Amino acid sequence: MIQVKKLVKRFGPITVLRELDFEVRSGEFVALLGPNGAGKTTLLRILASLSKPTSGLVQVASCRLPEEAVAVRAHLGVVSHQPLLYGDLTAEENLSFYARLYDVERLRIGEVLDLVGLSSRKSDLVRVFSRGMQQRLAIGRSILHNPRILLMDEPHTGLDQEAGEILDSVLREIALAGRTVVMTSHDLVRAAELASRLDILSKGKIKASVATKDLNSADFVTFYRKALQGNGGSV
Amino acid sequence: MKSYLNAIRAVIWKDLTAEWRTRENLSAMLVFALLVILIFNFALELDIQAQESLSAGVLWATFIFAGTIGLNRSLAVEKDRGCLDGLLLAPVDRSVIYFGKAIGNLIFMLLVEIIVLPVYSFLYQVPVFQPGFLLVVVLGSIGYVAVGTLLATMVIQARTRDILLPILLFPLSLPVIIAAVKASQGFLLMVPLTEISAWLNLLIVYDLIFTAAAFMVFDFVVEE
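For the record, the sequence lines run as chains A and B.
Quick note on numbering: numbering that gives the first Met the number 0 labels position 91 of the first sequence as 90, and the sequence is numbered without any gaps.
Quick note on numbering: numbering that gives the first Met the number 0 labels position 208 of the second sequence as 207, and the sequence is numbered without any gaps.
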């Protein structure tokens, strides 16, 4: 579903991604972990066609980036640190706006509001929503057009425990629906609970990769530390 | 083509709905425009001759300064909460965003002009309600908004975007401003149409060139 080979991304003199290889199969839920500045967000922005690679091959849903960006975007749902929602529009108006951009029928708006548990607040302005509610609506926005692939950049940032748990249950439903998900996170335990695979990214390269079923929860932290020290690899 | 136009309509609808709810942009533009018109009226009151020859310049200075406030604010909304990324992620040609934003900005500018023009006509005692003069207002506004929307998008990521926009926009929009002032002045002073037509042609050509140029380069402007 996603194939990245020898991807390099430079911002002026700074090289963020260094000949990175990365692959995600259909239906996989991959959590990308790594320290700040590792290149997680940059990788996600390239996959989302928001940033162009300096060199290397990037293929998403069998379409090559950046050449076939419009086709790729039809298959993508993106959740970022920011909700990408308009504060002066209601929840329903926000989804209605994106539904028109994605050529989605209005019926779908009600379904999505139900799925993220915001039907009763559909007429409220987004600017009065809590961070957790905004993030749930952002996920609703990202799945409005039934994308095959979801890219999530630290979706739990700024959420309290309860809002985080609600978000987790929405993410589990999305994963059960068979969507391919790539999520960046700093929360190792939560990522391991949700994802089917953990990839550790450091200094612009994937340092290690492991299927979560192959590791005990007690070993995640050790695995992560070893990967960052350069002793990782595929498990 | 249908989905392209639908997407443009969606962007315009979104901007108008948000503005109808807050009226932040329109009220700021309007208050500023009315104040400028009023202040210049007092400043030029004593000299009728100067008032006749300068009033078109005063009017366009008012429009472009008020327009700059609108352009800055219109794109700042897209920066908040990362909404520009939301637009860029849509599976449509990115020129949709440009045309949607530009038409929205043009509507705001024309709304301000509709309110300002009768006040201007009353204070300066000039006949603004003539088709030729109104055509100049529309053509001048289109040109200013066409280039202004492009530049406002370009500077959206800059920390100093409020300062940067006028610095870039005013020199680049100088041809359209000069042509609009000259053509407006011609109509107000009842100059024969043959003497104004060159300025009208310049306005039309400027509008076409900058709309086409913006259509072609917008994808590069929003590129990271």
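Positions of the beta carbon are idealized from the N, C-alpha and C atoms, including for glycine.
The model shown is predicted, which means the values in this text are computed figures rather than measured ones.
Check                                                                                                                                                                                                       : Outcome
Quick check on the burial criterion: 16 or more other C-beta atoms within 10 angstroms. Buried or exposed for residue 233 (chain A)?                                                                        : Because residue 233 (chain A) carries a pLDDT of 49, less than 50, the predicted location of this residue cannot be relied on, and no value is offered for it.
Give the residues of chain B in contact with residue 73 (chain A), contact being defined as C-beta atoms less than 8 angstroms apart.                                                                       : 90
Show which residues of chain A have a CB atom less than 7 angstroms away from the CB atom of residue 81 (chain B).                                                                                          : 79, 81 and 83
Just mark residue 69 (chain B) as buried or exposed, buried being the case when its beta carbon has 16 or more other beta carbons within 10 Å.                                                              : buried
Give the DSSP bridge partners of residue 198 (chain A), in chain order.                                                                                                                                     : A:31 and A:208
Residues in its own chain within less than 8 angstroms of residue 48 (chain B) by CB, not counting five upstream and five downstream?                                                                       : none
Quick check: the Cα distance between residue 155 (chain A) and residue 60 (chain B), rounded to an integer number of angstroms?                                                                             : 48 angstroms
CA-CA distance, residue 144 (chain A) and residue 100 (chain A)?                                                                                                                                            : 10 angstroms
Could you check the C-alpha separation between residue 0 (chain B) and residue 104 (chain B) for me, to the nearest Å?                                                                                      : 23 angstroms
Starting from residue 147 (chain B), follow the beta strand (DSSP E) in both directions and report where the run begins and ends.                                                                           : Taken as a continuous stretch (DSSP letters only), residue 147 (chain B) belongs to no beta strand (DSSP E), being part of the alpha helix (DSSP H) at 130 to 153.
On the DSSP letters alone, give me the boundaries of the beta strand (DSSP E) that residue 58 (chain A) sits inside.                                                                                        : 54 to 59
DSSP three-state call for residue 41 (chain A): helix, strand or coil?                                                                                                                                      : helix
Cα separation between residue 11 (chain B) and residue 100 (chain B)?                                                                                                                                       : 7 angstroms
State the CB to CB distance for the pair residue 159 (chain A) and residue 78 (chain A), rounded to an integer number of angstroms; the pair is presumed to be in contact (CB under 8 angstroms).           : Incorrect: roughly 18 angstroms between the Cβ atoms, too far for contact.
Where residue 209 (chain B) and residue 38 (chain B) are concerned, what is the direct C-alpha to C-alpha distance, given to the nearest angstrom?                                                          : 33 angstroms
Could one say the Cβ of residue 21 (chain B) lies closer than 7 angstroms to chain A's Cβ atoms, at least one of them?                                                                                      : yes
Do we get a CB-CB distance below 7 angstroms when we pair residue 9 (chain A) with the residues of chain B?                                                                                                 : no
Note down, one range per segment and in chain order, each beta strand (DSSP E) of at least 3 residues found wholly within the segment 110 to 162 of chain A.                                                : 148 to 152
Using 8 angstroms as the threshold, is the segment 64 to 82 of chain A in touch with the segment 123 to 138 of chain A, meaning 3 or more CB pairs across them?                                             : yes
Quick check: is the beta carbon of residue 85 (chain B) nearer than 7 angstroms to any beta carbon in chain E?                                                                                              : Among the chains of the structure shown, chain E does not appear; the protein chains present are A and B.
Does the segment 179 to 198 of chain B come close enough to the segment 121 to 135 of chain B to have 3 or more Cβ pairs within less than 8 angstroms?                                                      : yes
Counting only C-beta atoms, is residue 26 (chain B) closer than 7 angstroms to chain A at any point?                                                                                                        : no
How long is the line joining the alpha carbons of residue 74 (chain B) and residue 155 (chain B), rounded to whole angstroms?                                                                               : 7 angstroms
Who are the neighbours of residue 47 (chain A) on chain B, taking C-beta pairs under 7 angstroms?                                                                                                           : 88
For residue 203 (chain B) and residue 108 (chain B), I'd like the C-alpha separation in whole angstroms.                                                                                                    : 18 angstroms
Please report the straight-line C-alpha distance between residue 8 (chain B) and residue 23 (chain B), rounded to a whole angstrom.                                                                         : 21 angstroms
First and last residue of the alpha helix (DSSP H) that includes residue 225 (chain A)?                                                                                                                     : 219 to 228
Is the segment 92 to 108 of chain A touching the segment 61 to 70 of chain A in the sense that three or more CB pairs, one from each, lie closer than 8 angstroms?                                          : no
Assign residue 5 (chain A) to one of two classes, buried (16 or more other C-beta atoms within 10 Å of its C-beta) or exposed (fewer than that).                                                            : exposed
Just to confirm my understanding: we take residue 28 (chain B), look at its own chain, exclude 5 residues before and 5 after, and list those with CB closer than 7 angstroms. What are they?                : 65, 68, 69, 107 and 111
Could you name the residues of the same chain whose beta carbon sits closer than 8 angstroms to that of residue 144 (chain B), not counting the 5 residues immediately before and after it, in chain order? : 66, 70, 101, 104, 105 and 108
If you draw a straight line from the C-alpha of residue 20 (chain B) to the C-alpha of residue 191 (chain A), how long is it?                                                                               : 43 angstroms
Using DSSP's beta-bridge definition, name the partner residues of residue 235 (chain A).                                                                                                                    : Any question about residue 235 (chain A) goes unanswered here, given that chain A covers just 0 to 234.
Leaving out five residues on either side along the sequence, give the residues of the same chain with a beta carbon under 8 angstroms from the beta carbon of residue 93 (chain A).                         : 84, 85, 125, 136 and 140
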